Amino acid sequence: MDTRNTTEEKPVQRSKSFSFKTPKEVCSSCEKTVYPMERLVANNLVFHSTCFCCKHCNAKLSLGTFAALQGEFYCKPHYQQLFKSKGNYDEGFGRKQHKELWASKETDNITKTA
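When you line the sequence shown up against the UniProt record's numbering, it's residues 1 to 114, in that order.
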(Lines of atoms letter the chains of each structure in order from A; the text may use other names.)
(Lines give C-alpha, C1' and ligand atoms only; values in the text may rest on other atoms or scores of the structure.)
Protein backbone atom coordinates (compact mmCIF):
# COMPACT_ATOMS: atom_id res chain seq x y z
CA MET A 1 0.00 0.00 0.00
CA ASP A 2 1.45 3.38 -1.09
CA THR A 3 0.74 6.09 1.50
CA ARG A 4 2.54 8.94 -0.27
CA ASN A 5 -0.40 10.04 -2.43
CA THR A 6 -3.22 9.91 0.06
CA THR A 7 -5.60 12.83 0.27
CA GLU A 8 -5.76 12.58 4.03
CA GLU A 9 -3.70 15.40 5.59
CA LYS A 10 -2.71 15.63 9.19
CA PRO A 11 -3.15 18.98 10.89
CA VAL A 12 0.07 20.76 11.75
CA GLN A 13 0.52 21.17 15.46
CA ARG A 14 2.19 24.33 16.63
CA SER A 15 3.71 25.01 19.97
CA LYS A 16 1.48 27.13 22.16
CA SER A 17 4.50 28.94 23.63
CA PHE A 18 5.70 30.20 20.24
CA SER A 19 4.49 33.62 19.23
CA PHE A 20 5.25 35.95 16.34
CA LYS A 21 4.59 38.90 18.61
CA THR A 22 7.82 40.45 19.81
CA PRO A 23 8.14 43.29 22.28
CA LYS A 24 8.51 46.64 20.58
CA GLU A 25 11.93 48.15 20.99
CA VAL A 26 12.51 51.89 20.89
CA CYS A 27 15.57 53.64 19.46
CA SER A 28 17.62 55.36 22.17
CA SER A 29 18.26 58.28 19.82
CA CYS A 30 14.98 59.06 18.04
CA GLU A 31 12.62 57.13 20.37
CA LYS A 32 10.78 55.49 17.46
CA THR A 33 10.11 51.77 16.99
CA VAL A 34 13.10 49.70 15.90
CA TYR A 35 12.35 46.73 13.67
CA PRO A 36 14.64 43.67 13.65
CA MET A 37 16.22 44.41 10.25
CA GLU A 38 17.39 47.88 11.31
CA ARG A 39 18.30 47.00 14.91
CA LEU A 40 21.75 47.78 16.30
CA VAL A 41 22.76 47.27 19.95
CA ALA A 42 25.68 49.16 21.50
CA ASN A 43 26.37 49.25 25.25
CA ASN A 44 22.99 47.59 25.88
CA LEU A 45 21.17 50.41 24.08
CA VAL A 46 19.08 49.80 20.94
CA PHE A 47 19.41 52.08 17.90
CA HIS A 48 18.34 52.26 14.28
CA SER A 49 21.50 51.70 12.26
CA THR A 50 20.98 55.18 10.76
CA CYS A 51 20.56 56.86 14.18
CA PHE A 52 23.81 55.54 15.62
CA CYS A 53 25.98 58.64 15.07
CA CYS A 54 28.96 60.46 16.57
CA LYS A 55 27.91 63.12 19.08
CA HIS A 56 30.62 65.47 17.85
CA CYS A 57 30.35 65.25 14.04
CA ASN A 58 27.15 63.22 13.43
CA ALA A 59 29.03 60.68 11.28
CA LYS A 60 27.30 57.32 11.03
CA LEU A 61 28.91 54.80 13.38
CA SER A 62 29.18 51.03 13.27
CA LEU A 63 30.02 48.55 16.00
CA GLY A 64 33.68 48.61 14.97
CA THR A 65 34.07 52.37 14.66
CA PHE A 66 32.71 53.83 17.88
CA ALA A 67 33.98 54.69 21.31
CA ALA A 68 31.63 55.34 24.24
CA LEU A 69 32.07 57.54 27.27
CA GLN A 70 29.35 57.97 29.91
CA GLY A 71 26.52 56.94 27.57
CA GLU A 72 27.60 59.12 24.66
CA PHE A 73 29.03 57.75 21.43
CA TYR A 74 31.86 59.15 19.34
CA CYS A 75 33.76 58.15 16.22
CA LYS A 76 37.25 56.99 17.14
CA PRO A 77 39.06 59.97 15.56
CA HIS A 78 36.99 62.51 17.52
CA TYR A 79 37.21 60.47 20.72
CA GLN A 80 41.00 60.62 20.48
CA GLN A 81 40.99 64.28 19.41
CA LEU A 82 38.78 65.35 22.32
CA PHE A 83 40.97 63.46 24.76
CA LYS A 84 44.19 64.93 23.37
CA SER A 85 42.84 68.49 23.36
CA LYS A 86 42.86 68.68 27.17
CA GLY A 87 44.80 65.58 28.14
CA ASN A 88 41.94 63.99 30.08
CA TYR A 89 38.47 62.65 29.46
CA ASP A 90 36.64 65.20 31.58
CA GLU A 91 37.74 68.57 30.20
CA GLY A 92 38.04 67.30 26.63
CA PHE A 93 34.42 66.20 26.69
CA GLY A 94 33.10 69.31 28.46
CA ARG A 95 32.79 67.99 32.02
CA LYS A 96 34.27 69.06 35.34
CA GLN A 97 37.48 67.34 36.27
CA HIS A 98 37.23 64.66 38.94
CA LYS A 99 39.74 66.48 41.12
CA GLU A 100 37.34 69.47 41.24
CA LEU A 101 34.50 67.18 42.24
CA TRP A 102 36.65 65.62 44.96
CA ALA A 103 37.68 69.04 46.24
CA SER A 104 34.04 70.16 46.51
CA LYS A 105 33.14 66.94 48.37
CA GLU A 106 36.02 67.46 50.79
CA THR A 107 34.89 71.00 51.57
CA ASP A 108 31.32 69.75 52.06
CA ASN A 109 32.54 67.06 54.46
CA ILE A 110 34.63 69.59 56.42
CA THR A 111 31.70 71.99 56.80
CA LYS A 112 29.37 69.14 57.85
CA THR A 113 31.72 67.86 60.56
CA ALA A 114 32.50 71.32 61.95
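Quick reminder that beta carbons are idealized off the backbone N, C-alpha and C, glycines included.
Keep in mind that this is a model prediction, so the values were computed, not measured.
So, helix, strand or coil for residue i, using DSSP?
i: E38; result: helix
i: F83; result: helix
i: H78; result: helix
i: C54; result: coil
Classify residue i as buried or exposed, calling it buried when 16 or more other Cβ atoms lie within 10 Å of its own Cβ.
i: L63; result: exposed
i: C27; result: buried
Please report how far the alpha carbon of residue i lies from the alpha carbon of residue j, in whole angstroms.
i: T33; j: A42; result: 16 Å
i: Y74; j: M37; result: 23 Å
i: E72; j: K55; result: 7 Å
i: C53; j: A59; result: 5 Å
i: K24; j: Y35; result: 8 Å
i: Q81; j: T65; result: 15 Å
i: F47; j: A68; result: 14 Å
Going by DSSP, name the residue or residues bridged to residue i.
i: H48; result: R39
i: L63; result: L63 pairs with nothing; no bridge assigned.
i: E72; result: L69
i: E31; result: Bridge partners of E31: none, in fact.
Comparing the CB of residue i with every heavy atom of the ligand MN, is any distance shorter than 7 Å?
i: L61; result: No copy of the ligand MN appears in this structure; indeed no ligand is present at all.
Kindly give me the distance between the Cβ atoms of residue i and residue j, rounded to whole angstroms, as I take these residues to be in contact under 8 Å.
i: L40; j: S49; result: 5 Å
i: C57; j: H78; result: 6 Å
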